[in-house]
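Read left to right, the sequence shown gives residues 0 to 226 (numbering that gives the first Met the number 0).
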Amino acid sequence: MTTGQHRTTGPATGPQDDERLPSIAEQMADQLGGWRGLVESSIPVVVFVLANVVGELRPAVIASVAVALLIAVVRLVQRRPVRHAVNGLFGIAVGAAIAWRTGDERDFYLPGILYGIGYGLALLASAALRQPLVGWIWSVLVAKGRSEWRDDPRLVRTFTQLTVLWGVVWLAKVGVQAALYLAHQDTALGVARLALGYPPYALLLLITVWTVRRVTRETAPQPLPGA
0 MTTGQHRTTG
10 PATGPQDDER
20 LPSIAEQMAD
30 QLGGWRGLVE
40 SSIPVVVFVL
50 ANVVGELRPA
60 VIASVAVALL
70 IAVVRLVQRR
80 PVRHAVNGLF
90 GIAVGAAIAW
100 RTGDERDFYL
110 PGILYGIGYG
120 LALLASAALR
130 QPLVGWIWSV
140 LVAKGRSEWR
150 DDPRLVRTFT
160 QLTVLWGVVW
170 LAKVGVQAAL
180 YLAHQDTALG
190 VARLALGYPP
200 YALLLLITVW
210 TVRRVTRETA
220 PQPLPGA
């Protein structure tokens, strides 16, 4: 069911909605490059952290960029979508270029920290303006561009609350990384980048899908007696 869509026939009850839930989670993951894409985007960061611990900055930069390039080439050879691999390569390359230029390994993580701050603030601002970003992202990734949720006050409130949750969590995790960056805790910063990457992101996705599905089921019109 498209979020916010009003039913004109007999309702599809809970079990059918529950059966569709995995497909929505899979669709959202696919928009982010699939589970394979999520793992592959983490590999260059892992390589950088490990190489920098056992060696020096420049070999670590070269190794991380080389691995990111290799992943992109493998996807290209396998004729798999390379958009997410290219995006990951771009992010790694920007951080690597800054770290290479400054000679400071912690600068490898600076673009991600700045991006996280901007994204967190944008989420909170959209909630304050009653244009919750999570709702619009849901419309694009799940509801095939439809935005009927804007006509449902309960869904607007739900998406606003979810957007605030995303913004607070995003700023909290980037705040930890920023504190480690300012404290020159380079190795700890690399570990935090990995630990605070996809685990909280996956949890937020699960909370979002479950909450919107629950609210959607509760607001669905019930059949008339004897219908």
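Positions of the beta carbon are idealized from the N, C-alpha and C atoms, including for glycine.
Counting along the chain, the unbroken alpha helix (DSSP H) around Ala-62 starts and ends at 56-76.
Here Leu-170 has Gly-119 as same chain residues with Cβ atoms under 6 angstroms from its own Cβ, once five neighbours each way along the sequence are excluded. Proximity of the segment 184-191 to the segment 113-132 falls short of the contact definition, fewer than three beta-carbon pairs being nearer than 8 angstroms. Contact between the segment 90-97 and the segment 136-156 is absent: fewer than three C-beta pairs spanning the two stretches fall below 8 angstroms. For the pair of segments examined, the segment 149-169 was found to touch the segment 193-206: the number of CB pairs separated by less than 8 angstroms reaches three.
Close CB contacts of Val-190 within its chain, under the 8 angstroms cut and outside five residues either way in sequence, are with Val-48 (chain order).
If you draw a straight line from the Cα of Trp-148 to the Cα of Val-155, it comes to about 6 angstroms. Where Phe-107 is concerned, there is no enclosing alpha helix (DSSP H), because DSSP gives it neither an H nor an E.
Annotated three-state conformation of Val-141 is coil, per DSSP.
Distances from the CA of Gly-134 to each of Trp-99, Val-208, Ala-178 and Glu-104 were compared; the closest alpha carbon is that of Val-208. Around the beta carbon of Phe-158, 16 or more other beta carbons sit within 10 angstroms, so the residue counts as buried. The Cβ-Cβ distance between Ile-42 and Val-73 does not fall below 7 angstroms. Between Val-60 and Leu-123, the beta carbon gap of about 34 angstroms keeps them out of contact (Cβ cut-off 8 angstroms). Looking from the CA of Arg-153, the closest CA among Glu-217, Leu-75 and Ser-40 belongs to Glu-217. In the three-state reduction of the DSSP assignment, Gly-196 falls in the coil class, being assigned neither a helical nor a strand state. DSSP, reduced to helix, strand and coil, places Asp-151 outside both helices and strands of the structure shown, so it counts as coil.
Between the alpha carbons of Val-45 and Asp-150 lies a distance of about 44 angstroms. The beta carbon of Val-173 is closer than 7 angstroms to those of Ile-112, Gly-115, Ile-116 and Gly-119 in its chain, skipping five residues each way along the sequence. Residue state for Ala-182 is assigned as coil, using DSSP reduced to three classes.
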